[in-house]
Amino acid sequence: MFTVTTKTTDAAYPRYYGSTLLSSDRLKIVYDRYESTNQSLENSDFITLNLIFAHGTGLNKDLWKYYVEHLYKYSNEVGPNQKWWIKNIISIDSATHGDSALLNEGKLGWKNRWEDGGRDINRIVEHEQLTTGAFYNDPTHKNILVGHSLGASQSVFSAVFQPNLYDLVFMIETVGFIDEASSKHFIGLINRLVGLMQDEFDSEEEFDMYYRKFNITKKFHPRVLDDIIKHEKYEVIKPNGEKKWRAKATSIQQLTSFMSGTTSIPNVMAALPSIKTSVIHIAAPKGKFNPPQTSDFIREAIPAEYITGIDIAGADHNLNGEIPDKVIALLKEALSKRAALAHENKDLYAEIKYNGDRKTILKEKWKEMVGGWWVEEKAKL
């Protein structure tokens, strides 16, 4: 159904002051690139969809493995009838988490500005474009960016920094609102997390029990949690020969990500009105992490023509891990709709209309310009 390759590329540079111990430090980003084995559809009149997944604080790229399997299966079963398919999927370990954190050990600083994470996502997509020829966002290929919590907030920056890189941003429980009152709530949550966090264990069994009984992952779907645990834990031998089990994302770096929200969230709020990419915002109205005003603020700040809001009753902040099948169902629906819209909009593009003939494209489009046709063609959103 698909192959997977773990890849590494340079993180965005320069970064915000405090993100690295030295301003000259360069970070790395590790990500998995999945590719469909059903290459027969590559040169057809199908719409090609490529997905990018960004996780939240305290999680890692393997959270999305369950999603990847279900989405490729859906692509093979439903896509052919609707003339679309999923070719590539990327899942990212953010700079301070997972395998990226191991590569960046000794360089990570006391801040983790979320804007840098948005630039990292774009850097990975561009790296794939330049090295593999994939992940172009054009009339017949569409990039879908999926982010949860921290990853959703980073996705806001990704879309604002490079709006033409994505066809859709699918945001799950975006952390996108803070004021004086909610700032106190946010700090209170962090203080509670300090008492719960642990990143080193005497045995593999203790590690597993912590993630299953005490961590933010304790209510996760069993398969999703198994994947997270398997990727997160690693064995270390201390100088005295003692064996320990550690989490790749240290407690300090997880707290750094949370605490950096106090300076990053205001910039998320400021960025929302500048979004020029279609957005689906998934929210848990009864969730305990985001302030209750968050959803309304986000949906009112993003221009109305770009935003679709969906509330999931009874869900909590980490719904993508706790009720993944519900989120996957919404994502499947979104993919089918974006593919249908891409088919509908194809003929609006000169390269499709004139079959890639550069001379004809320039001649006809210049004729329109000289004739006073200054209004930019706009596809349906």
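Residue 143 in my numbering sits at position 153 of the sequence shown; the count goes up by one each step and never skips.
Glycine included, each C-beta is placed from N, C-alpha and C at the ideal position.
All values reported here derive from a predicted model rather than from experimental measurement.
I'd like the span of the alpha helix (DSSP H) that includes residue i, first residue to last.
i	result
residue 104	104 to 122
residue 177	170 to 186
residue 22	Taken as a continuous stretch (DSSP letters only), residue 22 belongs to no alpha helix (DSSP H), being part of the beta strand (DSSP E) at 18 to 26.
residue 327	314 to 335
residue 206	Where residue 206 is concerned, there is no enclosing alpha helix (DSSP H), given that its DSSP letter is neither H nor E.
residue 137	First-last for residue 137: 131 to 138, but that is the beta strand (DSSP E), not the alpha helix (DSSP H).
residue 30	From DSSP, residue 30 is part of no alpha helix (DSSP H); its letter is neither H nor E.
residue 279	Taken as a continuous stretch (DSSP letters only), residue 279 belongs to no alpha helix (DSSP H), as it is neither H nor E.
residue 351	348 to 360
residue 340	340 to 343
residue 291	284 to 291
residue 91	88 to 93
Quick check: what's the CA-CA separation for residue i versus residue j?
i	j	result
residue 58	residue 104	25 Å
residue 211	residue 221	16 Å
residue 305	residue 344	48 Å
residue 269	residue 84	22 Å
residue 35	residue 29	13 Å
residue 21	residue 260	29 Å
residue 298	residue 256	22 Å
residue 109	residue 155	12 Å
residue 266	residue 39	19 Å
residue 202	residue 138	20 Å
residue 23	residue 116	13 Å
residue 219	residue 66	29 Å
residue 317	residue 350	45 Å
residue 352	residue 359	10 Å
residue 231	residue 329	56 Å
residue 12	residue 126	34 Å
residue 187	residue 247	13 Å
Where do the N-terminal and C-terminal ends of the beta strand (DSSP E) with residue i fall, by residue?
i	result
residue 246	Taken as a continuous stretch (DSSP letters only), residue 246 belongs to no beta strand (DSSP E), being part of the alpha helix (DSSP H) at 241 to 249.
residue 271	268 to 273
residue 221	Taken as a continuous stretch (DSSP letters only), residue 221 belongs to no beta strand (DSSP E), being part of the alpha helix (DSSP H) at 212 to 222.
residue 43	37 to 44
residue 0	-8 to 0
On the three-state DSSP scale, how would you describe residue i?
i	result
residue 161	strand
residue 76	strand
residue 235	strand
residue 297	strand
residue 193	coil
residue 71	helix
residue 83	strand
residue 265	coil
residue 227	strand
residue 128	strand
residue 252	helix
residue 10	strand
residue 49	coil
Return the Cβ separation of residue i and residue j in integer angstroms, given the expectation that the two are a contact with Cβ distance under 8 Å.
i	j	result
residue 19	residue 41	Not really, about 17 Å apart at Cβ, beyond 8 Å.
residue 322	residue 217	So it is not a contact: roughly 20 Å between Cβ atoms.
residue 140	residue 149	No, residue 140 and residue 149 are not in contact; Cβ-Cβ is about 15 Å, not under 8 Å.
residue 111	residue 79	Contact doesn't hold; Cβ gap of about 14 Å is too wide.
residue 51	residue 88	6 Å
residue 9	residue 99	5 Å
Original post:
Do three or more CB pairs link the stretch 235 to 246 to the stretch 46 to 58 at distances below 8 Å?
Top reply: yes
Original post:
Just checking, does the stretch 61 to 74 make contact with the stretch 153 to 166 on the three C-beta pairs under 8 Å criterion?
Top reply: no
Original post:
Does the stretch 222 to 233 touch the stretch 266 to 281, meaning 3 or more C-beta pairs lie closer than 8 Å?
Top reply: no
Original post:
Are the stretch -7 to 13 and the stretch 111 to 121 touching by the rule of at least three beta carbon pairs closer than 8 Å?
Top reply: yes
**OP:** Would you be able to state if there are at least three C-beta pairs under 8 Å between the stretch 334 to 354 and the stretch 166 to 176?
**Re:** no
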